[in-house]
Structures are given as structure tokens and as C-alpha cells.
């Protein structure tokens, strides 16, 4: 199951097909981020992004990103995802992800990730090697362009990229994104003005970021089942 994130792993389970069908080529190592991409949101030490994940309006897991800021130009972002679906006491689907990104001077310089995708184990390790990232993953091993954005959603530059690095398996994933427009959302009891983006592929995934480039919502539908990320507090 090759997807850009846990949110799309669930879509794959429901649809029975990869959420992103195409794997990007590796011959072009130019940065996949558009030149007109806004600056990413800059975390402070200890910041946490916490989403409750809803399936048809009912909670079935959480997605948390925690930031450890070492200096003005260096930090780590650690993602923890735990999703479970069941029938009574019986678990019929389980997804767990642990991934850590290391950033320096606005660029990803290292990534480690381990995923249990309902019994299928995936992994990725990536580190800086010359003018590219060297990736060793369960789906892909080889170079990735310096400046590539990982598929962890918190970085708004994901919505301005034509290629992402999977935090599950190291796969290089082709993406196509449409800007839908401005929307007002209620987040943690606050009214927040956001921009809505749509990632279009085998399924459609919607992402919202506010004017500070903070990730505030995610949603998609698969076979009539609405999946929604609800932010617990505005960070």
C-alpha cells in the first residue's frame, strides 16, 4: 500500500487501490517546490499539532506532530499516528506510524519512519548526501531532490509541490494540486480564515492552511465514507 500519508492509507483500504498511482521519476533532481510557494510555518520548541481523526463522524484515531526546535534554523518534526477501526471488541484495521523529520535552513536533511499498515511493515531512512537526499525505503532506494517536502501535511509547501517524499516507504510520489479558494473555518472555537487546496489523483484529498501557513484541516471521501481531521486546538 503506497500512499502519501496515513490519511491516504485509510483511503487505500476503503478503495482497494493506491491513493497515488504514479511513482515519480528520479532523473530530474531539481526542487519539486514551486517558486511561488509561501514560506512554511515556523514552529517554536514544544509546539504540537493534534488532530482527532473522524470516520463518518466518529473518532477512530489521532494524528500528532511534535516539534523540537534546536535553533532558529534547525528543528525536528515528529509525527505519531494511531488509527483503529473495529467491530465491537474486534480490531479490523490498524495503522501506526512514527516518523521524524530533521530540518535545517528551511530544507529537509533527514527522515526516518516506521509504519504498521494493518500488518504490512514499511520503513524509510533518508539523509543528506552531497546535493541530494539519499533514500533507503521499503518502496524506493536512491536519490531524492534537495528541497523535497515529506508527506506529513504540516508544511504548506506540500500544496505547491509536484513531488513528495513518502514518510511511510520513501517512495517519490507525483502530485497534482488545485487551489480552491478562501474559506472561513471554526478551529478550537476560533474563526480562522484559510486557503483550501485540493490534491487530485485516484482520490481527492482536501487540505486547509491559515494565513500563518498552519495546517488546520484535512478531509476526503472514499466510497461514501467521510474522513475528516479535526484540530483540537489552534497552535
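In my numbering, the protein residues as written are 14 to 248.
We put the CB at the ideal spot given by N, CA and C, even for glycine.
Fewer than three pairs of CB atoms, one per stretch, sit closer than 8 Å, so the region 202-219 makes no contact with the region 146-161. Rounded to the nearest angstrom, the Cβ distance from residue 242 to residue 78 is 11 Å, too far for a contact under 8 Å. No Cβ-Cβ contact shorter than 7 Å links residue 44 with residue 155. Residue 64 places its beta carbon less than 7 Å from that of residue 244. The three-state reading of DSSP puts residue 216 in coil, since its state is none of H, G, I, E or B.
Assignment of beta strand (DSSP E) within the region 130-218, counting only whole runs of 3 or more residues, yields 133-142, 145-150, 154-158, 176-178, 185-187, 190-200, 203-213 in chain order. The shortest C-alpha to C-alpha distance from residue 56 to any of 240, 87, 46 is the one to 87.
Ranking 141, 91, 191 by CA distance to the CA of residue 210 puts 191 first.
Per DSSP, reduced to three states, the secondary structure at residue 248 is coil, with no helix or strand assignment.
For residue 94, the enclosing beta strand (DSSP E) has its first and last residue at 87-100. Its chain contains 207, 209 as the residues whose beta carbon lies nearer than 6 Å to that of residue 196, once the 5 sequence neighbours on both sides are disregarded; these appear in chain order. DSSP places residue 116 inside the beta strand (DSSP E), whose first and last residues are 103-117.
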